[in-house]
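Each residue of the sequence shown is one higher than the last, beginning at 799 in the numbering used here. Cβ atoms here follow ideal geometry from the backbone N, Cα and C, with glycine treated the same way.
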Amino acid sequence: LDILVRIKDKFKYKILAVHINLGIGEYSEQSESIVERVFRMLNVDYLIVNIRESLGYTIPQLASTVKRSSCSICGTVKRYILNLIAVKANMTRVVTGHNIDDLTTYILKSFLIQDYSAMLKLKPKTPTIDGLISRIRPLAEISENELELYAKYRELPYISTACPLRNEASLEFKIKSFLKDLDNYHPTLKIGFYRKFVKSIEHIDIGMFNVRELKLVRCKICGMPSNSEVCSFCRLIYRASKSYEPVNNLHSQIIKSIRGLNWRETK
Ligand code: FES
Ligand code: ZN
């Protein structure tokens, strides 16, 4: 975010920074206060969405009600809210802070579980497809260690504790630790792997992997892009609450917060 702010006048774009408070106890409270401090230091417009307030549920509550892992719920909720904000605020890109450690972990994980459609999405940039706003990952070639050094150098506060819901027995955690260990002996492997991966998927014939082309329809409940009649977010909320009301609340809260920014008038 610091770099995006520093080059914004040169490349002429607007920034709306977003933080989602997931309701994971003390960890979420601390994260919110650190992130808000950074947003203020960088003087950016920002939105903080607290899912307990706007949806009526926290991640641990959703996970225990629908009996799914916290991380998978967390991913669904974050992806949905970021896209929703981008659509409602008329933004053309969703920029996330995924780094090379995250991306190489996801690639290996998708390969091991043979989920090629997930793997094909792990490029540094994906296009906008029918309401699913383009994602960019400018930190795709930067490691966690380098990011920490940068934050220290720029004297930016950052969160150094891991999410307490992290499952250390999960495939993802094990792969990340394995890659970190490998890095000590083969420090250029990760970057080489990611660059070659990005190059090769440009030329992949997706039919070869039995991957269906992404065909999106609109969710009949919330109107957001979905690959089924009702999107995964609405299905999740319905399973938890037997109603779609929380989805409507979330939409109206977000529209209200974006209006509160006086976005068009001020920028
Ligand atoms: Fe998965 Fe926090 S919810 S690490
Ligand atoms: Zn929906």
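In angstroms, rounded to a whole number, what distance separates the CA positions of residue i and residue j?
| i | j | result |
| --- | --- | --- |
| THR902 | THR926 | 23 Å |
| THR1064 | VAL1045 | Residue placement at THR1064 is poorly supported in this model, since its pLDDT is 43, which falls under 50; the coordinates are not used for a value here. |
| LYS886 | TYR855 | 22 Å |
| ARG838 | SER852 | 23 Å |
| ALA884 | VAL833 | 19 Å |
| ILE857 | VAL1028 | 21 Å |
| ASN819 | LEU918 | 29 Å |
| GLY895 | ALA938 | 8 Å |
| SER831 | SER975 | 29 Å |
| ILE1035 | VAL847 | 17 Å |
| TYR992 | LEU882 | 29 Å |
| CYS1017 | LEU947 | 42 Å |
| ALA815 | GLY990 | 31 Å |
| ILE805 | VAL893 | 14 Å |
| THR890 | LYS812 | 10 Å |
| CYS869 | ARG964 | 7 Å |
| SER867 | LYS808 | 42 Å |
| LYS1054 | ASN1060 | 10 Å |
| GLU1043 | THR986 | 50 Å |
| LYS1013 | SER998 | 23 Å |
| LEU880 | ILE1052 | 11 Å |
| SER1026 | LYS876 | 19 Å |
| ASP787 | SER958 | Residue coverage of the chain in this structure runs from 799 to 1065, which leaves residue 787 outside it and unanswerable. |
| LEU920 | CYS961 | 22 Å |
| ALA861 | TYR904 | 21 Å |
Starting from residue i and walking both ways along the beta strand (DSSP E), at which residues does that stretch end?
| i | result |
| --- | --- |
| ASN848 | 843-848 |
| ILE819 | For the record, residue 819 in the displayed sequence is Asn; it is not Ile. Unbroken beta strand (DSSP E) run through ASN819: 814-819. |
Could you give the residue range of the alpha helix (DSSP H) that holds residue i?
| i | result |
| --- | --- |
| ALA916 | 914-917 |
| LYS808 | 806-809 |
| THR903 | 898-910 |
| GLY1058 | 1043-1058 |
| GLY873 | 868-886 |
| MET839 | 823-840 |
| LEU860 | 857-864 |
Under the assumption that residue i contacts residue j (Cβ atoms under 8 Å), give the Cβ distance between them as a whole number of angstroms.
| i | j | result |
| --- | --- | --- |
| GLU942 | ASP979 | At roughly 14 Å, the Cβ-Cβ gap does not stay under 8 Å, so GLU942 and ASP979 are not in contact. |
| ARG850 | GLY873 | ARG850 to GLY873, Cβ: 18 Å. No contact. |
| LEU906 | LEU840 | Between LEU840 and LEU906 the Cβ distance is about 34 Å, and since that is not below 8 Å, they are no contact. |
| THR924 | SER915 | Actually they are not in contact, since the Cβ atoms of THR924 and SER915 sit about 12 Å apart, beyond 8 Å. |
Practice prompt. Note down, one range per segment and in chain order, each alpha helix (DSSP H) of at least 4 residues found wholly within the region 949-1034.
Written response: 969-983, 987-1000
Worksheet item: Are the region 947-962 and the region 909-916 touching by the rule of at least three beta carbon pairs closer than 8 Å?
Response: no
Practice prompt. Within the region 919-943, note down every full beta strand (DSSP E) run reaching 3 residues or more, in order along the chain.
Written response: none
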